[in-house]
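Novice: The structure is given below, and queries will be raised subsequently.
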Amino acid sequence: MTKKAADKEALIREAAMKIFAQEGYERASTNQIVKEAGIGKGMLFYYFQNKYELFATLAEESMTFVAEDFLQQIDVTEPDFIRRLQETTALKMKVMEQSPYVFHFLTTLFSSDLEKLPPHLQEKYQKIYTEGHGRLYQDVDLSFFRTDIDRDKAFHLIQWALEGYEADLKNRLNQMPPEDIDVDATWREFAAYVEVLRTSFYQKKGVE
1 MTKKAADKEA LIREAAMKIF AQEGYERAST NQIVKEAGIG KGMLFYYFQN
51 KYELFATLAE ESMTFVAEDF LQQIDVTEPD FIRRLQETTA LKMKVMEQSP
101 YVFHFLTTLF SSDLEKLPPH LQEKYQKIYT EGHGRLYQDV DLSFFRTDID
151 RDKAFHLIQW ALEGYEADLK NRLNQMPPED IDVDATWREF AAYVEVLRTS
201 FYQKKGVE
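Counting from 1, one number per residue, gives the positions in the sequence shown under the UniProt record's numbering.
Put into structure tokens, the structure is as follows:
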């Protein structure tokens, strides 16, 4: 493939990811995609047979990106769960800044378009979800938690709180274009909630 052809295909992929992220699979049209890419429709169909093939290709590549460039960087040797959570979120924010439409596309995909994927990609999603959950929660040292509470229950409460916050945050971020997302403000908001969790469930420093 020549550099010019590769550049055109890259334009199509970038434009398609943006449109799919904003509109979802059903509402997104090839007309919107080629307009965003600034190319003719014939060029789109030269590289992809139809909208669905383009959508599935982007979904697979995005999930591979998350598995290889994000999940594998989570430090599972960090025993302090809240510290691991902070490091993981900082990593996610960094990736969001570098590839904003990937996470926006995946948020739309996982929230409304997952069932439209072929079975092997749905299985890939489940594998990534399971691996991500494991890398975040495995081998956590509960001795950081207060001694006057049930540590297992406290840990589960934190997990449920995080799942609820993540769902709310995804919903809010999905309502705005990626370029309008204030990553620093999002990080500050998250950090404030984490400090509440630390104060509520962790021992004070110096207390065993």
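C-beta: ideal position from N, C-alpha, C; glycine also.
This structure is a prediction, so every number in the text was calculated from the model and none was measured.
1) Can you tell me whether A16 is buried or exposed? The criterion is at least 16 other CB atoms within 10 Å of its CB, across all chains shown.
2) Go ahead and pull the three-state DSSP assignment for F45.
3) What three-state label does DSSP hand F20 in the structure shown?
4) Mind pulling the alpha helix (DSSP H) runs of 4 or more residues that sit fully within the region 90-118?
5) Using the DSSP secondary-structure output, state which residues sit across from F145 in a beta bridge.
6) State the start and end residues of the unbroken alpha helix (DSSP H) segment that holds T30.
7) So what's V183 in DSSP terms, helix, strand or just coil?
8) Measure from the alpha carbon of Q203 to the alpha carbon of each residue in S143, L157 and H120, then state which is nearest.
9) Note down the Cα distance separating V140 from R13, rounded to an integer number of angstroms.
10) Looking only at its chain, what residues have a beta carbon closer than 7 Å to the beta carbon of E87, apart from the 5 residues adjacent to it on each side?
11) Here's the rule: buried if 16 or more other CB atoms are within 10 angstroms of the residue's CB, otherwise exposed. What is V102?
12) Just how far apart, CA to CA, sit L44 and E9?
13) In or out: A191 buried (at least 16 other Cβ within 10 Å) or exposed?
14) Can you tell me the Cα-Cα spacing of W160 and F145, whole angstroms?
15) Closest by CA to G24, which one among D168, T108, M63 and A185?
16) Just confirm the distance between the C-beta atoms of F105 and F20, as a whole number of angstroms; I'd bet it's less than 8 Å.
17) Taking DSSP as the reference, what is the three-state secondary structure of V76?
Specialist: Taking the coordinates as given:
1) Along the sequence shown, read from residue 1 onward, the residue named residue 16 stands at position 16. By the 10 Å Cβ count, A16 comes out buried.
2) Here residue 45 is taken as the residue at index 45 of the sequence shown, counted from 1. Three-state DSSP puts F45 in a helix.
3) Translated into positions along the sequence shown, residue 20 becomes position 20. In the structure shown, F20 falls within a helical segment according to DSSP collapsed to helix, strand and coil.
4) The alpha helix (DSSP H) runs lying completely inside the region 90-118 and spanning 4 residues or more are 100-108, given in chain order.
5) The residue labelled residue 145 in the question sits at position 145 within the sequence shown. According to DSSP, residue pairing for F145 in a beta bridge involves Y202.
6) Along the sequence shown, one-based indexing puts residue 30 at 30. Taken as a continuous stretch (DSSP letters only), the alpha helix (DSSP H) holding T30 covers T30 to A37.
7) Numbered from 1 along the sequence shown, position 183 holds the residue referred to as residue 183. V183: helix per DSSP, three-state reduction.
8) For this step, residue 203 is matched to residue 203 along the sequence shown. Considering only alpha carbons, the answer is S143.
9) Translated into the one-based positions of the sequence shown, residue 140 becomes position 140. Translated into the one-based positions of the sequence shown, residue 13 becomes position 13. Rounded to the nearest angstrom, the two C-alpha atoms are 39 Å apart.
10) Position 87 of the sequence shown, counting from 1, holds the residue named residue 87. For E87, where only same-chain residues beyond five positions count, the Cβ hits under 7 Å are D75 and E78.
11) Locating residue 102 in the sequence shown gives position 102, counting from the first residue. With 16 or more other CB atoms across the displayed protein chains lying within 10 angstroms of its CB, V102 is buried.
12) In the sequence shown, counting from the first residue as 1, residue 44 sits at position 44. In the sequence shown, counting from the first residue as 1, residue 9 sits at position 9. Annotation: L44 to E9 spans about 8 Å, alpha carbon to alpha carbon.
13) Your numbering for residue 191 matches position 191 in the sequence shown. Around the beta carbon of A191, fewer than 16 other beta carbons sit within 10 angstroms, so the residue counts as exposed.
14) Numbered from 1 along the sequence shown, position 160 holds the residue referred to as residue 160. Numbered from 1 along the sequence shown, position 145 holds the residue referred to as residue 145. W160 and F145: Cα-Cα distance of roughly 16 Å.
15) As a first step, residue 24 must be located in the sequence shown, where it is residue number 24. It is T108.
16) Along the sequence shown, read from residue 1 onward, the residue named residue 105 stands at position 105. Along the sequence shown, read from residue 1 onward, the residue named residue 20 stands at position 20. By a beta-carbon distance limit of 8 Å, F105 contacts F20. Their separation comes to about 6 Å.
17) Within the sequence shown, the letter at position 76 stands for residue 76. Correct three-state label for V76: coil.
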